[in-house]
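**Student:** Numbering (the working numbering), first residue to last: 1 to 559. Here's a structure for you.
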């Protein structure tokens, strides 16, 4: 018998049936959704349902399709009540049907046929509507509430889940292509939460005879999780690479141009990881193909206590694919920073194998030079520096020659001079310097013609104006070259490279220092005393200072 308080609230007789109560609530909902001045608002209906414990009268098959498109907070509250309290079987059936309709609607959006969609799907005109993305998120929440309440009878858990998750994955793929970055993150978060709830349901229904089926369910859920990561990848913008860089190199923290908050992207990733951990996936096995999921795991987890060479060899295919496609690049950079830094600090005398270093040496310069995001360029350059520091000395030598001479990216030709200088400092102070090509006569034979002269060789003619000079990349490159020359003169006390030989110094003076000194003096004299033109000479002041330092260093070793 229906309680009197409920019949009074619905204006029904005390002898009314359960079906009449359900019909009355449905009518009130229909009016609240469609009518301009309904007798009761959605908030009023929600109050009646919760106050008089009327959740058993809710009808999923009719009420969910009615409320799903409705952009109203109370509509979502009523849907949540249905998901938590109504027949789990009926809720799941209704969600399945709604998923199928949503899939067709999204396919029509792909075909830009929105008018037909509005007709076929009975779109509401009297109230602001939920987008297809929001509707999809609501349906995932309903699955998350209802599936764990299903009582298994004739079907196994895996047979129950497979069609539901297959359809969900299809809709997720379509929805993600229409989603914003934040919406993509919401989709991944919702699927992650659903996965946790489903796995708990599978575990609660497990018996000694259903171990194989539980393993099958884990594989199904894990597959959906991994593919959802790919589907939603465009929304996963985080700052994990920058934070990892600052953690490994605290002195670089002040240079961070961006905030360290990962925002919704990082929150979604962490929920995705929580789901994987909940399912018992640990990513510790290296006898399989690496995937983007591994990049996420190793980027966000503390350094794994695992053989570094085996780990890098395992994950290198995923890293290469990530760099080539510019997908999960942030995570790839974080992984490289973490584990190259670990190699550098724990194996200072060991070199990484060529099958790891060679592919990365070929790919990283383009990202460090041409990526649209300056922070990514900086992070990639740091990774390249780390990579070269742990590479075989001869491979390091060969790559730096190529970067400074033949790089198709002018920015890399400039930046690589700094890498040469850093490598030179490390090599000259190494106890194994005699076996290092940077500490041999080969250094000047290879790098001298590249670094100790302008490019092109006849650039510094008497007709070259300051404005013409500044339009090239040579001002920055030559400053780096002078700095390297100064360091080489100061550090190579044993003259391992031959830099202190008189004929070498005379050659560098003739082809490099003298023409540059004359040009700088001419430009300074031309601009001297001209008000408002200080900005014209500012870029060459650094050249003048570097020249003076080099001249002083040469004079000191000549005494």
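Beta carbons: idealized from backbone N, C-alpha and C, even for Gly.
#1: How big is the Cα-Cα spacing for residue 555 and residue 500?
#2: I'd like to know whether the C-beta atoms of residue 383 and residue 352 end up nearer to each other than 7 Å.
#3: Does residue 16 come out as helix, strand or coil in the three-state DSSP assignment?
#4: Measuring straight from C-alpha to C-alpha, what distance separates residue 489 and residue 553?
#5: Buried or exposed, going by whether 16 or more other CB atoms sit within 10 Å of the CB of residue 113?
#6: Excluding five sequence neighbours on each side, which residues of the same chain lie with their C-beta closer than 7 Å to the C-beta of residue 9?
#7: In this structure, how does DSSP classify residue 129 when only helix, strand and coil are distinguished?
#8: Hey, out of 307, 91 and 277, whose CA is closest to residue 347's CA?
#9: On the CB-based measure, 16 or more other CB atoms within 10 Å of its CB, does residue 253 come out buried or exposed?
#10: Going residue by residue through the segment 315-352, where are the continuous alpha helix (DSSP H) segments of at least 4 residues, counting only ones entirely within it?
#11: For a test of the three-state rule: what should DSSP assign to residue 439, helix, strand or coil?
#12: Do you know offhand how far residue 324's Cα is from residue 363's?
#13: Whole angstroms is fine: what's the gap from residue 73's alpha carbon to residue 41's?
#14: Would residue 197 and residue 267 be called neighbours here (beta carbons separated by less than 7 Å)?
#15: Terminal residues of the continuous alpha helix (DSSP H) containing residue 245?
#16: What's the C-alpha gap between residue 88 and residue 242?
#17: Does the count of Cβ pairs from the segment 215-222 and the segment 185-193 closer than 8 Å reach three?
#18: Specify the secondary structure class of residue 232 as computed by DSSP and reduced to three states.
#19: Would you grab the beta carbon distance between residue 316 and residue 294 for me? Rounded to a whole angstrom, and I think it's under 8 Å.
#20: Given a cut-off of 7 Å on the beta-carbon distance, is the pair residue 477 and residue 414 in contact?
#21: Indicate the three-state DSSP secondary structure (helix, strand or coil) for residue 259 in the structure shown.
#22: Since residue 329 and residue 376 are thought to touch, with beta carbons under 8 Å apart, how far apart are those beta carbons, to the nearest angstrom?
#23: Short check: CB of residue 520 to CB of residue 541, under 7 Å?
#24: On a Cα-Cα basis, can you pick out the residue from 303, 272, 271 and 275 that is closest to residue 284?
#25: Ignore the nearest five residues each way along the sequence and tell me which others in residue 336's own chain have a CB closer than 6 Å to its CB.
#26: With a threshold of 6 Å on Cβ separation, who are the neighbours of residue 518 within its own chain once the five nearest residues in sequence on each side are excluded?
#27: Scan the segment 159-235 and note each continuous beta strand (DSSP E) run of 3 residues or more that stays entirely inside, going in chain order.
#28: Could you tell me if residue 199 is buried or exposed, where buried requires 16 or more neighbouring beta carbons within 10 angstroms of its beta carbon?
#29: Tell me residue 546's beta-bridge partners as DSSP assigns them.
#30: In the DSSP assignment, find the alpha helix (DSSP H) that holds residue 74 and state where it starts and stops.
#31: Within this structure, are the beta carbons of residue 327 and residue 233 separated by less than 7 Å?
**Tutor:** Quick answer:
#1: Mapped onto the chain shown, residue 555 falls at position 555. Mapped onto the chain shown, residue 500 falls at position 500. Straight-line Cα distance between these residues: approximately 11 Å.
#2: Taking the first residue of the chain shown as 1, we reach residue 383 at position 383. Taking the first residue of the chain shown as 1, we reach residue 352 at position 352. Contact flag unset, no.
#3: Residue numbering aside, residue 16 sits at position 16 when the chain shown is read from its first letter. DSSP places residue 16 in coil when its eight states are reduced to three.
#4: Translated into the one-based positions of the chain shown, residue 489 becomes position 489. Translated into the one-based positions of the chain shown, residue 553 becomes position 553. One C-alpha to the other measures close to 7 Å.
#5: What you label residue 113 is simply residue 113 of the chain shown in a count that begins at 1. Confidence in residue 113 is poor, its pLDDT being 48 and thus under 50, which makes the residue's placement too unreliable to answer from.
#6: Position 9 of the chain shown, counted from the start, is the residue given in the question as residue 9. The answer, listed in chain order, is 48 and 52.
#7: Taking the chain shown and counting its residues from 1, the one referred to as residue 129 is at position 129. It is a strand residue.
#8: Indexing the chain shown from 1 puts residue 347 at position 347. The residue with the shortest Cα to Cα distance from residue 347 is 307.
#9: Taking the first residue of the chain shown as position 1, residue 253 is located at position 253. Exposed, since its Cβ has fewer than 16 Cβ neighbours within 10 Å.
#10: List check, alpha helix (DSSP H) in window: 329-346.
#11: Your numbering for residue 439 matches position 439 in the chain shown. Helix, per DSSP.
#12: Residue mapping note: residue 324 aligns to position 324 of the chain shown, counting from 1. Residue mapping note: residue 363 aligns to position 363 of the chain shown, counting from 1. Each residue's Cα considered, the two are about 8 Å apart.
#13: Stepping through the chain shown from its first residue, residue 73 is reached at position 73. Stepping through the chain shown from its first residue, residue 41 is reached at position 41. Using only the alpha carbons, I get a separation of about 12 Å.
#14: Position 197 of the chain shown, counting from 1, holds the residue named residue 197. Position 267 of the chain shown, counting from 1, holds the residue named residue 267. Contact flag unset, no.
#15: As a working note, residue 245 is residue 245 in the chain shown. Segment 240-248, the alpha helix (DSSP H) holding residue 245.
#16: For this step, residue 88 is matched to residue 88 along the chain shown. For this step, residue 242 is matched to residue 242 along the chain shown. Roughly 45 Å separates the two Cα atoms.
#17: Touching, no, given that fewer than three Cβ pairs across the two stretches are closer than 8 Å.
#18: Locating residue 232 in the chain shown gives position 232, where the first residue counts as 1. Looking at residue 232 - three-state DSSP - the assignment turns out to be coil, as it is neither helix nor strand.
#19: Translated into positions along the chain shown, residue 316 becomes position 316. Translated into positions along the chain shown, residue 294 becomes position 294. In fact, because the Cβ distance is near 11 Å, the residues do not count as touching under 8 Å.
#20: For the purposes of this step, residue 477 is taken as the residue at position 477 of the chain shown. For the purposes of this step, residue 414 is taken as the residue at position 414 of the chain shown. Cβ atoms of residue 477 and residue 414: closer than 7 Å.
#21: Counting from 1 along the chain shown, the entry for residue 259 is found at position 259. Caution applies to residue 259, whose pLDDT of 49 falls short of 50 and renders its modelled position unreliable; the value that the coordinates give is listed next. Here residue 259 sits in coil by DSSP.
#22: Within the chain shown, numbered from 1, the residue matching residue 329 stands at position 329. Within the chain shown, numbered from 1, the residue matching residue 376 stands at position 376. Contact flag correct, Cβ pair sits at about 7 Å.
#23: Taking the first residue of the chain shown as position 1, residue 520 is located at position 520. Taking the first residue of the chain shown as position 1, residue 541 is located at position 541. No; because the gap between Cβ atoms is not below 7 Å, this pair is not in contact.
#24: Walking along the chain shown from the start, residue 284 turns up at place 284. Selected option, being the one with the closest Cα: 303.
#25: Position 336 of the chain shown, counted from the first residue, corresponds to residue 336. Here the set comprises 383.
#26: The sequence position of residue 518 within the chain shown is 518, counting from 1. Answer for residue 518: no residue qualifies.
#27: none
#28: One-based indexing of the chain shown puts residue 199 at position 199. So residue 199 counts as buried.
#29: What you label residue 546 is simply residue 546 of the chain shown in a count that begins at 1. According to DSSP, residue 546 bridges with nothing at all.
#30: On the chain shown, residue 74 is found 74 positions in, with the first residue counted as 1. Run containing residue 74: 73-85, per the alpha helix (DSSP H) assignment.
#31: Position 327 of the chain shown, counted from the first residue, corresponds to residue 327. Position 233 of the chain shown, counted from the first residue, corresponds to residue 233. Going by C-beta atoms, residue 327 is nearer than 7 Å to residue 233.
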